[in-house]
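Keeping their order, the protein sequence lines are chains B and Y. Each residue of the first sequence is one higher than the last, beginning at 1 in the numbering used here. Each residue of the second sequence is one higher than the last, beginning at 375 in the numbering used here. Each residue gets a CB set at the ideal place from its N, CA and C atoms; glycine is no exception. Owing to the predicted nature of the structure, the values given are computational and were not obtained by experimental measurement.
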Amino acid sequence: MSITLASQKPLAPSALQSVLGLLVGLSGVLALALFLGMGAPGGLAPLAIFSALAALSLLRFAHPLPLLADGALAIFGLAVILFTLGPAMPAPFWAGLVAVWLATWLLVDRLSLEIALRRLPEQPFALIIPLLFGVVLLVGWEAITRGAGVPSVILPAPSAIWARILTSTGTLWADLQQTFKAVLAGYAIGCGLGFVLAIAIDRSGFLKRGLLPLGSFVSALPIIGIAPIMVMWFGFDWPSKAAVVAVMTFFPMLVNSVAGLGAAGAMERDLLSSYAADYWQTLMKLRLPAAGPFIFNALKINSTLALIGAIVAEFFGSPVVGMGFRISSEVGRMNVDMVWAEIAMAALAGSAFYGVIALIERAVTFWHPSVRGA
Amino acid sequence: MGQALTRSTPFAIGVVLAVLVLVWYAAAIPMNAPWQQGVYGRAGAVDVPFTQFVGDVWNQDKPILPTPHQVVREIWNTTALVPPHMPRSLLFHAWITLSATLAGFGIGTVLGIGLAVLIVHNRATNRSLMPWIIASQTIPILALAPLIVVIGFNIFTGQLGLPPDPARFLSKAIISAYLSFFPVAVGMVKGLRAPEQIQLDLLATYSASPAQTFWRLRWPSALPYLFASMKVGVAASLVGAVVGELPTGAVAGLGARLLAGSYYGQTIQIWSALFVASILAALLVLAVTLTERLVNRRLGARPA
């Protein structure tokens, strides 16, 4: 009797793939039947062709289809949906949309299996799969909002949001500048003070024992609630938002830096003390580099926190510019597409900010295993 | 004995807290002084003794920086001395925020665990969703809160015909769920993948079914990760519920108290709402920690 270990489990097409294949075919058949019931397909002719192809894909149960065929089917389907989309779509369109969705799912499942079997390279395909998912999400969002006539005050179509971004670049840019003034100033002050205080209390076991539990505790508190207080103290403009950001970013930096300063090994410290290195030499040449990964961890956490802090603080009162101000005021005026445009900018800015910190981290802590391995 | 006391952590925390309170009182003097001097100037009072000046500065009605005893007194007055069902009671507002937090946190945790299970057991889900979930950690999702609250509120009251209060509750719960969902999903994916290959192989030699492997190996080894991410998630849920109370003209809840306080310059009210929110956060994290201990004991884990 042979035992199959988990590590040697044969990687075979799962039952899920058969089910998906069947469902793709059946939804194609359903769309075709609906087309026949409707009479002339008119402008939907490409979709009828796709439905016929999806129905034909049932042949996979007689003879396996190549991966390329499934890929072509899914891409063709996505293109057809966007091409035929209009207001108030009839029933066959929705059956076709389901078929496209299932076909893409099947494609992604097959691609993942091929990568796991090492028949496809990891590099472009590990990126293509999430991108495909994103495309399906956007196409589905577009098709449902426009095809079913969802009111734009509930959910605008991605194309409407994109159009809004293009027509209001000036406003978006001004808002971004205003908010990022607070983000960058607060981030620099909060991270800087946290780091300096960490070095200051590092020599005192007493202060570390007293401050660290408090610092970790504070990270669970809704610090964002100090925003109205800061608006009172520092006024409506960006300094009050910078103050909120500084307080929010201070504690993660403090806690992580203190942990990082303790990260250098006893053997390395002994080595340096055998060289008669003094405190500052040990700090600069051993302990700060060893603390690098911890400090960058805090910098990355804080990059997200800073943006959240600045945006939410603007909900409590701000001049008539800024991402948080725009979001809260346009929500009130039911300009939902502008809100989504602003959120898209915030997402982009947040990822870019994080990405810059991550790039600096790679350059500075190049020696760390987590960077070397990547 | 004395040596042991001064070296203990609670003593150190106590000293640091005491210093913080002293700094707070000291800072209140210069921050509130200009207003106080204005009051004296209008009353024509000159040569006010310093002790009386300090006493007045620490007990203003609308100070720039309220002192700790003012905040504590306000919290005491609005919790112990008012029946909890009255809108004047902070307990009433705390409960409104807490109920939305708990509902959202429960939904978010269950969804997060469910998605993590899917990701760990399905290659396609892993490859298509995981990069997006990780990327979502870098974007300020709290910025979506006003959108969700207002749109949710309109849908619930308009299309679904709910009364305003349950509609507000549901919209806030959605934000809380959304904010606790991501940390839990990420933590659980890590946790469910924590078992070593050699342990999975051992279960395979026992010819354990996937369900048995899940319940006997993956789930128990994911629990530490689950509780760690639940602590992050519950704090995020509370922030979500508080921020969710800012738009829609909500009149109840800790977030609404913060906003009302900032409109009318009621600093003591802002600080007391902030303190109660912090106490809630501490209690929620404590509750997760206690649950963790209880579960660990039931599972026979050795105390770490």
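Beta-carbon proximity of residue i to residue j, cut-off 8 Å
i	j	result
residue 242 of chain B	residue 322 of chain B	no
residue 54 of chain B	residue 99 of chain B	yes
residue 258 of chain B	residue 212 of chain B	yes
residue 194 of chain B	residue 251 of chain B	yes
residue 226 of chain B	residue 396 of chain Y	no
residue 254 of chain B	residue 205 of chain B	no
residue 232 of chain B	residue 641 of chain Y	yes
residue 196 of chain B	residue 334 of chain B	no
residue 351 of chain B	residue 512 of chain Y	yes
residue 543 of chain Y	residue 474 of chain Y	yes
residue 247 of chain B	residue 306 of chain B	no
residue 636 of chain Y	residue 317 of chain B	yes
residue 222 of chain B	residue 652 of chain Y	yes
residue 97 of chain B	residue 143 of chain B	yes
residue 603 of chain Y	residue 445 of chain Y	no
residue 309 of chain B	residue 189 of chain B	no
residue 103 of chain B	residue 24 of chain B	yes
residue 485 of chain Y	residue 555 of chain Y	yes
residue 490 of chain Y	residue 566 of chain Y	yes
residue 165 of chain B	residue 363 of chain B	no
residue 597 of chain Y	residue 669 of chain Y	yes
Neighbourhood of residue i by C-beta distance below 8 Å, restricted to the same chain and skipping five residues each side
i	result
residue 167 of chain B	none
residue 201 of chain B	207, 208, 211 and 258
residue 2 of chain B	For residue 2 of chain B, the pLDDT reaches just 48, beneath the cut-off of 50, and the residue's location in the model is therefore unreliable, although a value from the coordinates is still provided. There are no such residues.
residue 569 of chain Y	591, 592 and 595
residue 639 of chain Y	436
residue 34 of chain B	90, 91, 92 and 95
residue 6 of chain B	Here residue 6 of chain B scores only 48 on pLDDT, less than 50, and its place in the model should not be relied on; the value that follows carries that caveat. Contacts found: none.
residue 106 of chain B	17, 20, 21, 24, 70 and 74
Residues near residue i by beta carbon distance below 7 Å, same chain, minus five either side
i	result
residue 503 of chain Y	493
residue 355 of chain B	none
residue 29 of chain B	55
residue 8 of chain B	Because residue 8 of chain B carries a pLDDT of 48, less than 50, the predicted location of this residue cannot be relied on, and the following value inherits that uncertainty. No residues qualify anywhere along the chain.
residue 146 of chain B	85, 87 and 157
residue 406 of chain Y	431, 434, 437, 438 and 439
residue 16 of chain B	109
residue 129 of chain B	108, 111 and 112
residue 181 of chain B	238
Own chain partners of residue i with C-beta closer than 6 Å, once the 5 adjacent residues on each side are dropped
i	result
residue 659 of chain Y	605
residue 374 of chain B	The pLDDT assigned to residue 374 of chain B is 49, lower than 50, so where the model puts this residue is not dependable; a value taken from the coordinates is nonetheless given after this. Within the same chain, residue 374 of chain B has no close Cβ partners at all.
residue 256 of chain B	294, 297 and 298
residue 487 of chain Y	562
residue 179 of chain B	310, 322 and 323
Q: Answer yes if the region 414–431 of chain Y comes into contact with the region 444–463 of chain Y, meaning at least three C-beta pairs across the two stretches below 8 Å, and no otherwise.
A: The region 444–463 of chain Y vs the region 414–431 of chain Y: no contact.
Q: For the region 514–523 of chain Y and the region 612–621 of chain Y, state whether three or more C-beta atom pairs, one from each stretch, are separated by less than 8 Å.
A: yes
Q: Count the C-beta pairs between the region 53–72 of chain B and the region 82–89 of chain B that are closer than 8 Å, then say yes if the count reaches three, no if not.
A: no
Q) Do three or more CB pairs link the region 594–614 of chain Y to the region 477–484 of chain Y at distances below 8 Å? A) yes
Q.
Taking contact to mean 3 or more Cβ pairs, one atom from each stretch, closer than 8 Å, check whether the region 309–319 of chain B and the region 256–276 of chain B are in contact.
A. no
Q: Inspect the CB distances between the region 498–518 of chain Y and the region 558–570 of chain Y and report whether three or more fall short of 8 Å.
A: yes
Q.
Below 8 Å, how does it come out for the region 65–84 of chain B and the region 104–123 of chain B: are there three or more Cβ pairs, yes or no?
A. yes
(Q) For the pair the region 590–609 of chain Y and the region 564–577 of chain Y, tell me if three or more CB-CB distances fall below 8 Å. (A) yes
Q: Determine which residues of the region 343–356 of chain B have a Cβ less than 7 Å from any Cβ of chain Y, and write them out in chain order.
A: 343, 346, 347, 350, 351 and 354
Q) Touching or not, the region 623–635 of chain Y and the region 464–472 of chain Y, by the rule of three or more beta carbon pairs under 8 Å? A) yes
Q. What residues in the region 209–223 of chain B have a beta carbon less than 8 Å from any beta carbon of chain Y?
A. 209, 210, 211, 213, 214, 217, 219, 220, 221 and 222
Q. At a Cβ cut of 9 Å, what residues of the region 257–285 of chain B count as close to chain Y, listed as they run along the chain?
A. none
Q: Evaluate contact between the region 288–295 of chain B and the region 319–333 of chain B, counting only Cβ atoms and requiring at least three cross-stretch pairs below 8 Å.
A: Touching, no, given that fewer than three Cβ pairs across the two stretches are closer than 8 Å.
(Q) Taking 8 Å as the cut-off, does the region 158–176 of chain B touch the region 334–346 of chain B (at least 3 CB pairs, one atom from each stretch)? (A) yes
(Q) Using a Cβ-Cβ cutoff of 8 Å, what residues of the region 81–109 of chain B are near chain Y? List them in chain order. (A) Taking 8 Å as the upper bound on Cβ-Cβ separation, chain Y lies near residues 105, 108 and 109 of the region 81–109 of chain B.
Q | Short-range partners of chain Y found in the region 310–321 of chain B, where Cβ spacing is below 9 Å | A | 310, 311, 312, 315, 316 and 317
(Q) At a CB distance below 9 Å, what residues from the region 226–257 of chain B approach chain Y? Give them in sequence order. (A) The residues in question are 226, 227, 228, 229, 231, 232 and 233.
Q: Please name the residues in the region 559–578 of chain Y whose beta-carbon is closer than 7 Å to at least one beta-carbon of chain B, in chain order.
A: 571, 574, 575 and 578
Q) Using a Cβ cut-off of 8 Å, which residues of the region 634–649 of chain Y contact any Cβ in chain B, in chain order? A) 635, 636, 639, 641, 644, 645, 647 and 648
Q) If you measure beta-carbon to beta-carbon, which residues of the region 656–670 of chain Y are closer than 9 Å to chain B? A) 656, 658 and 659
Q.
Closer than 8 Å between beta carbons: that is the criterion. Which residues of the region 469–501 of chain Y meet it against chain B?
A. 496, 497, 498, 500 and 501
**Q.** Members of the region 510–526 of chain Y that neighbour chain B once the beta carbon cut-off is set at 9 Å
**A.** 510, 511, 512, 513, 514, 515, 516, 517, 518, 519, 520, 521, 523, 524 and 525
Q: Mind checking the region 416–449 of chain Y against chain B and listing, in chain order, the residues whose C-beta falls within less than 8 Å of any C-beta there?
A: For the region 416–449 of chain Y, the set of residues with a beta-carbon nearer than 8 Å to any beta-carbon of chain B comprises 438, in chain order.
Q.
To be precise: take each residue of the region 581–609 of chain Y, compare its Cβ to all Cβ atoms of chain B, and keep it if any distance is under 9 Å. Which residues remain?
A. Cβ contacts with chain B come from 581, 587, 605, 606, 608 and 609.
Q: Mind checking the region 385–410 of chain Y against chain B and listing, in chain order, the residues whose C-beta falls within less than 7 Å of any C-beta there?
A: 386, 387, 389 and 390
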